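Chemist: Numbering (the numbering used here), first residue to last: 114 to 388.
1) Please classify residue 229: does DSSP put it in a helix, a strand, or coil?
2) Nearest to residue 150 by CA position, among 168, 163, 135, is which residue?
3) Could you check which residue in 171, 165, 267, 147 has the C-alpha nearest to that of residue 153?
4) Quick check: the Cα distance between residue 302 and residue 227, rounded to an integer number of angstroms?
5) Out of 121, 244, 179, which one is the CA nearest neighbour of residue 313?
6) Return the chain-ordered ranges of every alpha helix (DSSP H) run that is complete within the region 133–194 and spans a minimum of 4 residues.
7) Within its chain, find whatever has a CB closer than 6 Å to the CB of residue 122; leave out the 5 residues flanking it on each side and keep chain order.
8) Straight-line CA distance for residue 233 to residue 278?
9) Can you tell me whether residue 366 is buried or exposed, with buried defined as 16 or more other CB within 10 angstroms of its CB?
10) Which residue wins for smallest C-alpha separation from residue 141, given the options 326, 164, 158?
11) Out of 306, 176, 166, which has the shortest C-alpha to C-alpha gap to residue 160?
12) Buried or exposed: which applies to residue 368, given that a residue is buried once 16 or more other Cβ atoms fall within 10 Å of its Cβ?
13) Rounding to the nearest angstrom, what Cα-Cα distance links residue 133 and residue 183 in this structure?
14) Could you pull out every residue in the same chain whose Cβ sits closer than 7 Å to the Cβ of residue 178, ignoring the five residues on either side in sequence?
15) On the premise that residue 345 lies in contact with residue 157, defined as a C-beta separation below 8 Å, what is that separation, rounded to the nearest angstrom?
16) Is it a yes or a no for the region 318–325 touching the region 257–269, going by three-plus beta-carbon pairs under 8 Å?
17) When DSSP builds the beta bridges, which residues end up paired with residue 339?
18) To the nearest angstrom, how far is it from the Cα of residue 197 to the Cα of residue 217?
19) Could you tell me which uninterrupted alpha helix (DSSP H) segments, each at least 4 residues in length, are contained entirely in the region 194–280, listed from first to last along the chain?
20) Identify which residue in 329, 253, 213 has its Cα closest to the Cα of residue 275.
21) So, residue 214 versus residue 129, is the Cβ gap smaller than 8 Å?
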């Protein structure tokens, strides 16, 4: 690829659910501007959402969802960030990166802004190693490799379906934990990428996430939450469990040999401020 052309520029959409003006995009401009954005407006469809100039985007509100899906529109959550999965559906690209509108650009210890999207892309384009743990973490990163004793037969890895990002500042705690630790903040920067092992579930968060639509797209449906639903904050975890089970089973079926297993990687990279 010629130098200067962003990775997957024509193969990746950025999906953003929102209820507010997208001023936060200004800080992400150096990283996001080359890509196409799909903005899913939640809440009142008559409200105008302002998007900074210079971004290539399409914007859908609840009226658009009702028009496009008709009687099936009820499968898209209302008044909840799970509405983002409508963006997954209308995208025609192979890859999706989704981020919440209250995620800011993190910085490494030297003060350099972290390009979270670039790291997601590198993750999704490199293999995962779910069958045997490598003590140097991701062996496909520059400066690392497989350690002594890692089976040569497993060193090719398997395709990566999901890249799960974390964040600094506000931990993703449940309500009881937040009540007993209201002032706790995650301030420790860790630069590493891990493959979540085969047979292990995890609590996925949708606020900083990339995935391969061709490999795992249908399983990345965020459970129905929000207006009229009895529970909340469960949508992304549901999608994560479904996705990981699909990775574990690797779409096994009767007949010809199944496709190779797929897996996911996890790493921290953005900052979530406190409101």
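Ideal Cβ placement from N, Cα and C applies to all residues, glycine included.
Given the structure is predicted, the values throughout are model-derived calculations rather than measurements.
Modeler: Reading off the structure:
1) The count along the chain shown starts at 1 and reaches residue 229 at position 116. In the structure shown, residue 229 sits in a helix (DSSP, three-state: H, G or I).
2) Counting from 1 along the chain shown, the entry for residue 150 is found at position 37. Comparing Cα positions, the closest option is 168.
3) Here residue 153 corresponds to residue number 40 of the chain shown, with the count starting at 1. Closest option to residue 153, judged by alpha-carbon separation, among 171, 165, 267, 147: 171.
4) As a working mapping, residue 302 is identified with position 189 in the chain shown. As a working mapping, residue 227 is identified with position 114 in the chain shown. C-alpha separation (whole angstroms): 11 Å.
5) One-based indexing of the chain shown puts residue 313 at position 200. Of the candidates 121, 244, 179, the one whose C-alpha sits nearest the C-alpha of residue 313 is 244.
6) 138–145, 175–182
7) The count along the chain shown starts at 1 and reaches residue 122 at position 9. These residues qualify, in order along the chain: 147.
8) Here residue 233 corresponds to residue number 120 of the chain shown, with the count starting at 1. Here residue 278 corresponds to residue number 165 of the chain shown, with the count starting at 1. Rounded to the nearest angstrom, the two C-alpha atoms are 8 Å apart.
9) By 1-based counting over the chain shown, the position of residue 366 is 253. Model confidence at residue 366 stands at a pLDDT of 37, short of 50, so the residue's coordinates are unreliable and nothing is read from them.
10) As a working note, residue 141 is residue 28 in the chain shown. The option with the nearest alpha carbon to residue 141 is 164.
11) Here the question's residue 160 lines up with position 47 in the chain shown. Among 306, 176, 166, the Cα nearest to that of residue 160 belongs to 176.
12) On the chain shown, residue 368 is found 255 positions in, with the first residue counted as 1. Because the pLDDT of residue 368 is 35, which lies under 50, any placement of that residue in the model is unreliable, and the question is left without a value.
13) As a position in the chain shown, residue 133 is number 20, starting the count at 1. As a position in the chain shown, residue 183 is number 70, starting the count at 1. So the alpha carbons of these two residues sit roughly 25 Å apart.
14) To locate residue 178, count along the chain shown from 1; it is residue 65. These residues qualify, in order along the chain: 186, 189, 199.
15) Locating residue 157 in the chain shown gives position 44, counting from the first residue. Locating residue 345 in the chain shown gives position 232, counting from the first residue. With a Cβ gap of about 19 Å, residue 157 and residue 345 do not count as contacting.
16) no
17) Walking along the chain shown from the start, residue 339 turns up at place 226. Residue 339 is bridged to 191.
18) Position 84 of the chain shown, counting from 1, holds the residue named residue 197. Position 104 of the chain shown, counting from 1, holds the residue named residue 217. Their Cα atoms are separated by approximately 18 Å.
19) 198–203, 229–238
20) Along the chain shown, one-based indexing puts residue 275 at 162. It is 329.
21) In the chain shown, the residue the question calls residue 214 occupies position 101. In the chain shown, the residue the question calls residue 129 occupies position 16. Taking 8 Å as the Cβ cut-off, residue 214 and residue 129 qualify as a contacting pair.
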